[in-house]
Every structure is written in C-alpha cells, then in structure tokens.
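This report concerns only the one structure given below.
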Amino acid sequence: MVQTVARKPDYSDLDLDFIAHPTTKDVVRKTGEDAIKRSVRNLILTNHYERPFRSHLGSNVRKVLFDNINPMTATTLINFIKEVIINYEPRVSLTNVDVSVSIDNNGFDVIISYIILNRSQPVTIKLFLERIR
C-alpha cells in the first residue's frame, strides 16, 4: 500500500543583500519563513511608483511618516499595511497589525502578525518606522 504525504510548500526568494555563497559564489536564497518575512517587509517599505512596470505595488507608508505623529496617523498606517499585505502577499493570512506611536523616538512601532498558509504557527514581525531623508 502506498501512502501519500502532503508536502508543505517551501517558499524561496532572493536575498536582497546579494551576499555570495562562500563555495558556489551564487546569490544566497532566503527560504521558508525568512523569505516571507522579507517579502512582507519589502512590501511595506516600498512606495508607489518605485518599481518599474509595477507602479501600483507598495504601501506609501513613507509618505505618511512625514505627517504629524499622532494616533490618527497610526490608524492610517494600519490601513496601508493591511491593504498591501492582503492584496500582494498571497502566501499569508493576516491576523493583526498593531501600530503604536513613539513620540520620543519620532516614529511608530509596528507589530504585524500573520499565519503562513498551510502552517499553523503564527509569525510576528516587529518594525520601527521613522522619517529618513
């Protein structure tokens, strides 16, 4: 009797640090959970019109960072982050986005929680968003 085992998909992306593998000298890949974390982070930090031929891709979070630092801006950030993850990251199911104002540090603490599809453990990403010129 032959048993079939459902195989979990292993996601992979290029490591955008472009670090060369020590032996093969090829670009190192990010795999699994790390690949998805990097993808979510890149989506959040990408502005509209920043990627050629995909001008709609991104969240425009940086634009909001130059507004006054208050709870209303935090709510706007939550909406932008939810929208970009739901629309452009099909490998995850978003569970929570929490943005808290950090007036002393002139920025926002962001905690994003999601579940990778076909897996049961939640994943959390913590970011600090601040104005950079």
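In this note's numbering, the protein residues as written are 1 to 133.
Where is the CB? At the ideal position from N, CA and C, for every residue including glycine.
Shown here, Ser39 sits in a helix according to DSSP, grouped into three states.
The DSSP-derived three-state label of Lys30 is strand. DSSP, read as helix, strand or coil, puts Phe53 in coil.
At least 8 Å separates the beta-carbon of Arg119 from that of Phe66.
Ile44 sits close to Val61, with the two beta carbons spaced by under 8 Å. Cβ neighbours of Thr73 within its own chain (closer than 7 Å, five residues either side excluded): Val64, Asp67. Contact between Thr31 and Asp17 fails: their C-beta atoms lie close to 15 Å from each other, not under 8 Å. Membership of Phe80 in the alpha helix (DSSP H) is indicated by the continuous run 71 to 88. Boundaries of the beta strand (DSSP E) harbouring Lys126: 122 to 130, taken from the DSSP string.
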